[in-house]
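If you read the protein sequences in the order shown, they are chains P and Z.
Taking the numbering used here, I'd label the letters of the first sequence as residues 2 to 643.
Taking the numbering used here, I'd label the letters of the second sequence as residues 97 to 257.
From the three backbone atoms N, C-alpha and C, an ideal C-beta is built for every residue, glycine too.
The structure under discussion appears below in the form of structure tokens.
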Amino acid sequence: MALNRKVAYINLSTGEIRKEDIPIEWRKKFIGGRGLDAYLLYKNNPSGIDAFDPENRVLISAGIAVGTLASASARTHIMSKSPLTNFLGSANMGGWFAPELRWAGFDHLVIWGKAPQPVYLWIHNGEIDIRDAKDIWGENLYDMQTLLRQELEDNEIQTLCIGPAGENLVRFANVMTGRKNAGGRTGMGAVLGSKNLKAVACRGTMDIKIKYPEEALKYNEELINQVISTKVSQTMQRWGTMFIYGTTNSTGLIRTRNFQLNQLVGGSNIECENLDKVSIGLDGCFGCQVHCRHRYIIKDGPYAGTYAQGPEYTSQGAFGTEVGCNNLNTILVGNHLVNSCGLDTLETGSMMAWAMELYENGILTDKDTDGLKLEWGNDEAVLELIKKIATREGIGDILAEGPLRAAKKIGKGSEKYLVHVKGMSNLHSDERPTPSLALGIATGSRGSDHLRSRPAIDLYNLPLPVLEKVYRQPDGYDGPLTSGYNEYEGKPRIVMWQELCYMAVDCTGMCKYHTVFLSPNHPNFPEFAKMIYYNTGLEFTPKEIWDIANRCYTIERLFNIREGLTRKDDWLADRYFDEPTKLGLPVAYNKSIDRKKFKAMIDEYYGLHKWDNNGVPTPELLKELDIAEFYPEGDREKGEGK
Amino acid sequence: MAKMLLVDYEKCTGCRLCELVCSVKHTGASNPSRANVHVVKWEDEGFYLPMLCQHCLEAPCRSVCPTDAIYRDEELNRIMVDYDLCIGCKACVAACPFGAMGFDEAEKRVIKCDVCDGDPLCVRFCDMKAIDYVEATTSHFDKMRDASRNFAELMAKAHGQ
């Protein structure tokens with residue numbers, strides 16, 4: 002059945018591999034996926050080590066519902082200590098790798114050590130081999146997946162892999178599977194690179210028995226209808242995530258020229274409708290009806306004829322608005338380059354936009370850039386810089402270090418131009434008009450990010466009864482809620498609710514487009530409970546899933562605190578407070594975050610979490626969540642995956 | 097009127113939900129290797145094609161079967177296996193030009209599409225209708241209409257509309 006998958010402990014230094022059952026108690030306490038990863042990382046990682054230390058664990062997992070009749074149950078989660086932030090590293094990707102990992106018999110891989118030479122893991126029907134990767138080391142992400150299929154003589158193999166950027170220890174290198182599914186954030190690709198682990202290839206033909214097949218089929222149909230009956234899903238089915246830009250750019254909620262403007266003026270060339278010129282069809286992850294990205298062929302320039310997938314809203318910002326480029330082809334090519342090199346598109350775009358602002362202000366000069374004119378809207382320079390970052394050439398070598406380290410190397414006050422939290426750059430969204438979104442990026446457990454706790458539906462200014470229906474459950478919250486997105490009041494609750502909702506989703510392995518992210522009518526806790534029951538037989542109430550998500554999120558918080566996180570890390574760059582927005586509709590124009598109100602928001606947020614004034618989970622909370630032994634100063638099990 | 101399964105590769109997004117629901121319906125387990133449909137993907141080109149039994153009129157699987165275990169069910173316009181007669185020789189697996197006849201290791205028998213007795217789940221769950229279940233005798237009219245659209249537009253232009 003869906004619960005008999007194993008956890009494998011893999012020591013790359015010694016080649017030792019141990020396979021164990023996943024105890025049912027772990028399922029009841031952490032469900033699986035990201036939640037169980039958090040537990041395994043906290044339990045097994047020595048505290049305070051460098052992310053590139055061989056002792057740093059990498060967790061790769063498939064959630065409890067992956068491969069089953071949950072809607073879009075495709076997600077792979079990867080967790081480790083981040084080389085970008087020195088805090089929690091965590092990334093999530095779609096595709097077909099996670100289901101294949103389960104069909105091959107495993108739910109969780111705990112990997113540590115460092116292979117003496119480049120290797121890859123070959124996982125097939127309960128077996129795990131460590132194999133020589135010398136023939137694929139150095140290859141780009143597209144070609145190496147094809148090469149692996151040829152080498153292992155099976156076209157159905159699914160691979161999680163790193164590109165040249167990961168090999169070169171770019172601190173925001175991603176892991177990928179397929180043409181575009183990327184676990185992009187926090188530099189997980191660099192951690193694999195530091196272990197000489199190029200790829201994990203999977204192939205399985207083992208049953209995932211569905212507990213109640215008839216009911217699960219019926220319920221899957223209901224879930225799918227619930228998701229694709231919403232307007233936002235239907236729009237995404239047609240255009241992919243780039244549709245978001247139409248609203249956010251015209252409102253003035255988009256970072257442009259790093260952080261100088263909040264709208265790309267005259268930016269219609271990069272509207273999603275233009276994709277029809279290059280699209281050859283849409284593409285869905287495993288079992289997904291939303292199919293949110295395009296398959297496209299680049300039409301112009303030196304990359305004409307190249308087939309790639311996407312681009313996402315994130316790439317539209319990274320190679321469009323942030324760097325001031327109003328050219329769809331630059332986005333298409335940039336997206337292709339980061340995917341084939343294995344770079345986080347979002348961090349890459351942010352680092353480049355930052356470098357361009359430094360160039361504009363004379364902090365970087367032609368001497369630093371080897372003559373590359375880092376001027377706003379310089380399409381060629383943007384594409385050239387991506388390659389330089391991936392190969393760590395010239396200025397790229399500095400940018401490859403990520404925001405804080407690069408700012409330290411460059412000096413000259415460059416740090417104040419960064420748009421980051423905890424050392425990770427933000428999406429191209431501009432949160433100055435939206436305190437709830439600002440709180441989300443300030444407090445997210447992996448740094449500035451839109452998929453950790455973003456209450457995106459706040460942007461719809463929904464009527465209060467709709468918000469109440471979503472945000473008062475499943476624990477009966479009776480505090481304030483407000484519907485205007487410029488408000489501060491009642492927002493900490495919705496950030497915390499989204500945090501736990503996304504944690505629950507990541508435990509199941511479903512996609513966030515199938516929960517309350519872009520629509521208030523999408524599945525959440527009650528639906529998760531039913532879906533888990535029909536597919537696995539495990540019974541949870543919606544409130545129990547909420548509590549589990551809270552437990553897992555608290556463990557992530559404890560991990561960060563153990564690595565030195567303090568209250569001051571839950572804060573925004575000064576620019577959010579000091580530079581009001583210059584463009585946009587009245588709801589977005591002349592907005593900045595109010596320091597005093599924002600501090601009060603953080604207080605309220607900590608209070609809701611039952612964290613103390615310094616953001617440390619209280620002993621009472623840990624007792625309540627049945628993880629009292631995890632108290633930062635308490636006894637902690639150490640050692641190799643006990 | 098008899099229906100048929102019709103595949104439109106241009107609509108397929110490659111999600112493989114058809115494989116999942118097929119295997120759960122027929123085996124109670126999620127396992128594409130036991131499904132009767134498979135989306136073949138040419139990932140370097142971005143081309144996806146769901147492959148499944150065509151329920152051929154002159155079915156090679158039926159021709160090679162030494163025990164006449166494979167028969168045509170006229171009512172549902174489908175090719176079926178009579179497992180009481182099947183000896184598991186797998187000649188049909190070798191003979192099928194589409195690879196649509198599989199062998200299920202767990203059940204130790206050949207497997208193929210049975211159009212879910214008239215309500216194919218692959219169709220029900222595919223909102224793109226990359227696999228559709230349509231009237232065999234009239235299914236081509238839609239294609240004709242699509243193919244003639246260019247002419248219609250040209251004619252409209254010619255008439256100055």
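Check whether the Cβ of residue i lies closer than 9 Å to any Cβ atom in chain Z.
i      : result
W27/P  : no
K210/P : yes
L218/P : yes
E313/P : no
Y121/P : no
F631/P : no
R296/P : yes
H337/P : no
State the Cα-Cα distance for the pair residue i and residue j, rounded to the nearest angstrom.
i      : j      : result
D242/Z : T109/Z : 20 Å
M497/P : L153/P : 45 Å
D200/Z : S446/P : 45 Å
V176/P : N246/Z : 44 Å
C188/Z : G441/P : 59 Å
Q264/P : E630/P : 49 Å
S48/P  : E564/P : 6 Å
E168/P : A174/P : 9 Å
G318/P : T187/P : 18 Å
D636/P : S234/P : Per-residue confidence for D636/P stands at a pLDDT of 40, beneath the threshold of 50, marking its modelled position as unreliable; the derived number appears in the next sentence. Their Cα atoms are separated by approximately 47 Å.
D398/P : L386/P : 10 Å
Y607/P : T567/P : 12 Å
D180/Z : P156/Z : 20 Å
N487/P : E432/P : 10 Å
E650/P : K389/P : Limits of chain P in this structure are 2 at one end and 643 at the other, which puts residue 650/P out of reach.
E638/P : D38/P  : Note that E638/P scores a pLDDT of 41, beneath 50, so its modelled location is shaky and nothing firm can be said.
V291/P : T257/P : 29 Å
A443/P : V471/P : 23 Å
S74/P  : T370/P : 44 Å
K121/Z : M100/Z : 20 Å
W240/P : E56/P  : 43 Å
The alpha helix (DSSP H) spanning residue i covers which residue range?
i      : result
R576/P : R576 to D579
N12/P  : First-last for N12/P: K7 to N12, but that is the beta strand (DSSP E), not the alpha helix (DSSP H).
Y607/P : R596 to H610
V117/Z : L113 to T123
Please say whether residue j and residue i have beta carbons closer to each other than 9 Å?
i      : j      : result
T248/P : E313/P : no
G335/P : S316/P : yes
A391/P : L338/P : yes
G302/P : N330/P : yes
D130/P : W138/P : no
G491/P : G480/P : yes
V467/P : P521/P : yes
G114/P : I255/P : no
L102/P : V59/P  : no
N327/P : G288/P : no
F98/P  : N182/P : yes
D284/P : G142/Z : yes
L42/P  : G185/P : no
V160/Z : I227/Z : no
L4/P   : R19/P  : no
E402/P : K410/P : yes
Using 9 Å as the limit for Cβ to Cβ distance, is residue i near chain P?
i      : result
N127/Z : yes
C218/Z : no
D258/Z : Outside the displayed range of chain Z (97 to 257) lies residue 258/Z, so it cannot be described from this structure.
D213/Z : no
K107/Z : yes
A202/Z : yes
F221/Z : yes
Name the two residues that bound the continuous beta strand (DSSP E) containing residue i.
i      : result
D200/Z : G198 to D200
P543/P : From DSSP, P543/P is part of no beta strand (DSSP E) but of the alpha helix (DSSP H) over P543 to R563.
W377/P : Careful: W377/P lies outside any beta strand (DSSP E) and carries neither H nor E.
Quick one: does the C-beta of residue i sit closer than 8 Å to a heavy atom of the ligand COA?
i      : result
F631/P : As for the ligand COA, it is missing from this structure, which has no ligand bound.
Exercise for the section: Please go through the stretch 274–361 of chain P and give each complete alpha helix (DSSP H) segment of 4 or more residues, from N-terminal end onward. Expected result: Runs of the alpha helix (DSSP H) inside the stretch 274–361 of chain P: 314–317, 329–342 and 346–361.
Practice task
Scan the stretch 465–504 of chain P and note each continuous alpha helix (DSSP H) run of 4 residues or more that stays entirely inside, going in chain order.
Solution key: Here the runs fully enclosed are 465–472.
Handout entry: Runs of alpha helix (DSSP H) lying entirely within the stretch 116–183 of chain P, each at least 4 residues, in chain order
Key = With a minimum length of 4 residues, the continuous alpha helix (DSSP H) runs that stay inside the stretch 116–183 of chain P are 142–152 and 165–168.
Handout entry: Contiguous alpha helix (DSSP H) assignments of at least 4 residues, all confined to the stretch 37–119 of chain P
Key = The alpha helix (DSSP H) runs lying completely inside the stretch 37–119 of chain P and spanning 4 residues or more are 98–104, given in chain order.
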